[in-house]
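Undergrad: To convert, take the position in the sequence shown, counting from 1, and add 19; that gives this note's numbering.
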Amino acid sequence: MLAGVFSVIASTADSQLLVCSSAIARDISPGLHRRMSRKYGVKYEQFMTLVVGILAVIAAISISSTVFSLVLFASGSVASSLGPAMLIILLKRRTHYLALNSMMLAGLSTAILWRVL
C-alpha cells in the first residue's frame, strides 16, 4: 500500500518536472528554441529540466511549511492568475494578449504578496 502511494507521488513529481521544464524551454523562450538545431534543442530542454529540478529540491528543503499550506498557496496562485483571464475568454470578450498577461501577472503578484504579508 505504501509503495503505491510513493509511486503515485514520484510519477506526479516527474510529470510536473517535465511539464515545467518543457514550458520554460518551449513557451517562455520560443525564439531561442526555434533557432537551435534539433541536437542542441534537446540539450537545452535537458538543461532546463536539470535547472527546474535543482530549484525544486532547494525549495523543498528551504520551505518549512506543511504540505497542506503549500497546496493551498499553489491552488490560490493558480486560481488568482488564471481565473480572470479564463473568465474573460469564456465570456468571449476580445482582449489583447498583453492585457491577459497583465491580468495573470497581477493575480499571481497579489497571491504572493498576500502570502508574504
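Cβ coordinates follow ideal geometry from the N, Cα and C atoms, glycine included.
1. Going by Cα to Cα distance, which pick from Phe92, Ile108, Leu119 is closest to alanine 130?
2. Under three-state DSSP, which class holds arginine 57?
3. At the 8 Å Cβ level, is isoleucine 28 part of the contact set with chain C, yes or no?
4. Taking Cβ to Cβ, would you say tyrosine 63 is nearer than 8 Å to alanine 44?
5. Quick one, are the C-beta atoms of leucine 36 and alanine 75 less than 8 Å apart?
6. From alanine 104 to glycine 126, what distance separates their C-alpha atoms?
7. Could you give the first and the last residue of the continuous alpha helix (DSSP H) run that contains arginine 134?
8. Note down the Cα distance separating leucine 21 from tryptophan 133, rounded to an integer number of angstroms.
9. Please report the straight-line C-alpha distance between tyrosine 116 and threonine 85, rounded to a whole angstrom.
10. Report the rounded CA-to-CA distance for glycine 72 versus serine 83, giving the unit in angstroms.
11. Excluding five sequence neighbours on each side, which residues of the same chain lie with their C-beta closer than 6 Å to the C-beta of threonine 68?
12. For the alpha helix (DSSP H) that threonine 31 lies in, which residues bound it at each end?
TA: Reading from the atomic positions:
1. As a working note, residue 130 is residue 111 in the sequence shown. Comparing Cα positions, the closest option is Phe92.
2. Here residue 57 refers to the residue found at position 38 of the sequence shown. Three-state DSSP puts arginine 57 in a helix.
3. Although the question refers to chain C, the structure presented lacks it and comprises just one protein chain.
4. Translated into positions along the sequence shown, residue 63 becomes position 44. Translated into positions along the sequence shown, residue 44 becomes position 25. Against a cut-off of 8 Å, the Cβ pair of alanine 44 and tyrosine 63 comes out as a contact.
5. Position 17 of the sequence shown holds residue 36. Position 56 of the sequence shown holds residue 75. In this structure, alanine 75 lies closer than 8 Å to leucine 36 by Cβ.
6. On the sequence shown, residue 104 is found 85 positions in, with the first residue counted as 1. On the sequence shown, residue 126 is found 107 positions in, with the first residue counted as 1. So the two alpha carbons sit approximately 10 Å from each other.
7. The residue given as residue 134 occupies position 115 in the sequence shown. Residues 116-135.
8. Start at 1 with the first residue of the sequence shown, and residue 21 comes out as number 2. Start at 1 with the first residue of the sequence shown, and residue 133 comes out as number 114. The straight-line gap from Cα to Cα measures roughly 36 Å.
9. The residue you call residue 116 lines up with position 97 of the sequence shown. The residue you call residue 85 lines up with position 66 of the sequence shown. C-alpha separation (whole angstroms): 36 Å.
10. Position 53 of the sequence shown, counting from 1, holds the residue named residue 72. Position 64 of the sequence shown, counting from 1, holds the residue named residue 83. Going from the Cα of glycine 72 to the Cα of serine 83 covers about 18 Å.
11. By one-based count along the sequence shown, residue 68 stands at place 49. So the list reads Ser40, once near-sequence residues are dropped.
12. Residue numbering aside, residue 31 sits at position 12 when the sequence shown is read from its first letter. Taken as a continuous stretch (DSSP letters only), the alpha helix (DSSP H) holding threonine 31 covers 21-42.
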